[in-house]
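Student: Questions regarding the structure given below will be posed in turn.
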């Protein structure tokens, strides 16, 4: 039997536990094996009638070298400096309803511990997000949700800030492609951690382009010093050992790991609404709660959710009761986020 909670004995959702029993985790220190297994298991979902899928490519650029100072004080390039290309091209997978104007764009950042995952693995989820929330937000069908998923560079091939550079470049391209359309960031695990890093790098004007942030089971801190890391250190689905491997891969030797979580003192007036979902049974639970607290204390409109019995990697398992609960919670959040963004723009 897979030990979901390590040495702890928490309540675990039986549906999710059965899924893990049938699909044992393959996270280990050999990232090549992890990637190969994921590729072998992937089957590209067919497009339903009336949908289009397109891969767009953008040249990635380096981020400023100065450290970010906080949510409302992002790093800025030196005066008169020209952006420096990284030499990488980033694929951005865009899925939309054919012939229907974009009402909002969901920028979907995949997880995978910063060392695995691909944008294409999110296609099935993106199709479901479009179908689910387009009908809810625009029941008359006059607009629809669009998804855009960046295939960012993975560690250890490209340590920090390689993946962040690609993600920031892709987001800025989305701002240009969908001018005048609200953008919502969506991330899971390392994808949510990438959101945390991204928010600290955007200018106030760029933050104002965002309507909302959806962060599921966020992987945020390389310190790994919270109570939940101690309680669930031996959990099967994201153990301390797996987390240590992931963070060691993400950072080049000698890198200041604290750069990815600068203090948050005050958010800007145009800071997006934030939805954070944590798992009760998860090494990462307490760092997600701490992020919520920091954002709330800094003035953000942020909400925190935890659903009984969920654990890392399966909070948003397609077809599960937990995913249905997540979607139910996201409906009013997205409606509020889009409405407030439109109100801010007058």
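Residue numbers (the UniProt record's numbering): 1 to 346.
Each residue gets a CB set at the ideal place from its N, CA and C atoms; glycine is no exception.
If I measure Cβ to Cβ from residue 126 and keep anything under 7 angstroms in the same chain, skipping five residues before and after, which residues do I get?
Tutor: Within the same chain, and ignoring the five residues on either side of residue 126 in sequence, the residues whose Cβ sits closer than 7 angstroms to its Cβ are 95, 108, 147 and 149.
Student: Looking at residue 212 and residue 184, is the spacing between their C-beta atoms short of 8 angstroms?
Tutor: yes
Student: Rounded to whole angstroms, what is the Cα-Cα separation between residue 250 and residue 215?
Tutor: 20 angstroms
Student: Hey, how far is the Cα of residue 358 from the Cα of residue 282?
Tutor: Shown here, the chain extends from 1 to 346; a query on residue 358 therefore has no answer.
Student: What are the complete beta strand (DSSP E) segments, minimum 3 residues, inside the stretch 190–268?
Tutor: 210–216
Student: Output the distance between the C-alpha atoms of residue 20 and residue 315, rounded to the nearest integer angstrom.
Tutor: Roughly 12 angstroms separates the two Cα atoms.
Student: To the nearest angstrom, how far is it from the Cα of residue 326 to the Cα of residue 177?
Tutor: 29 angstroms
Student: When burial is assigned at 16 or more other CB atoms within 10 Å of the CB, is residue 44 buried or exposed?
Tutor: exposed
Student: Buried or exposed for residue 161, going by 16 or more other Cβ atoms inside 10 Å?
Tutor: buried
Student: Could you check where the alpha helix (DSSP H) with residue 163 kicks off and where it finishes?
Tutor: Segment 162–177, the alpha helix (DSSP H) holding residue 163.
Student: Are residue 57 and residue 91 closer than 8 angstroms when you measure CB to CB?
Tutor: yes
Student: Please report the distance separating the alpha-carbon of residue 254 from that of residue 306.
Tutor: 36 angstroms
Student: Within the continuous alpha helix (DSSP H) that includes residue 334, where are the two ends?
Tutor: 321–344
Student: Tell me whether residue 105 sits in a helix, a strand or coil according to DSSP, three-state version.
Tutor: strand
Student: Can you tell me whether residue 99 is buried or exposed? The criterion is at least 16 other CB atoms within 10 Å of its CB, across all chains shown.
Tutor: By the 10 Å Cβ count, residue 99 comes out exposed.
Student: Can you grab the Cα-Cα spacing for the pair residue 297 / residue 36, in whole Å?
Tutor: The alpha-carbon atoms of residue 297 and residue 36 are separated by roughly 42 angstroms.
Student: Exposed or buried, residue 338, counting other C-beta atoms within 10 Å across all chains shown (16 or more means buried)?
Tutor: Using a 10 angstroms sphere on the CB of residue 338, the tally of other CB atoms reaches 16 or more, which defines it as buried.
Student: Check whether the stretch 317–332 touches the stretch 254–272, taking contact to mean three or more Cβ pairs, one atom from each stretch, closer than 8 angstroms.
Tutor: No, they do not touch.
Student: Could you check the C-alpha separation between residue 62 and residue 9 for me, to the nearest Å?
Tutor: Their Cα atoms are separated by approximately 45 angstroms.
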